[in-house]
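Enquirer: Residue numbers (the working numbering): 96 to 196.
Mind having a look at this structure? Questions to follow.
Okay, structure coming up:
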């Protein structure tokens, strides 16, 4: 008797209701496992949660852009102050040089 014949004989020895019940239980367990895996990996997320997170991200992005604009404005002011300080230093140096003559 070959292995294939032995398998066919063993398969015919099991009644159909037992095979169907086993297949149904196996399918349910596999489906529950897939749903559980999808929940754990974050693939099943309500749309409202995604929309809330998108709005939150948009608010953070807007705040970041405003912060960058403020930093650019401050940088411009600091550059102007530095130029004024250099001009004042040159003026004072020229006054010191004139006073020494």
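Glycine included, each C-beta is placed from N, C-alpha and C at the ideal position.
Note that the structure is predicted; figures quoted are calculated from it, not measured.
Sorry if obvious, but does the Cβ on residue 129 come closer than 7 Å to a heavy atom of the ligand PLP?
Expert: Summarising the ligand content, the structure contains no ligands, and the ligand PLP is consequently not present.
Enquirer: May I have the straight-line CA-CA distance separating residue 117 from residue 111, to the nearest angstrom?
Expert: Looking up residue 117 in the chain shown gives position 22. Looking up residue 111 in the chain shown gives position 16. About 10 Å.
Enquirer: In angstroms with no decimal places, state the Cα-to-Cα distance between residue 135 and residue 145.
Expert: Walking along the chain shown from the start, residue 135 turns up at place 40. Walking along the chain shown from the start, residue 145 turns up at place 50. So the alpha carbons of these two residues sit roughly 16 Å apart.
Enquirer: What's the C-alpha gap between residue 191 and residue 156?
Expert: One-based indexing of the chain shown puts residue 191 at position 96. One-based indexing of the chain shown puts residue 156 at position 61. So the two alpha carbons sit approximately 52 Å from each other.
Enquirer: Our contact map puts residue 139 next to residue 133 with C-beta atoms below 8 Å; I'd like the distance itself, whole angstroms only.
Expert: Within the chain shown, residue 139 is the residue found at index 44, counting from 1. Within the chain shown, residue 133 is the residue found at index 38, counting from 1. Indeed they touch by this definition, with Cβ atoms about 5 Å apart.
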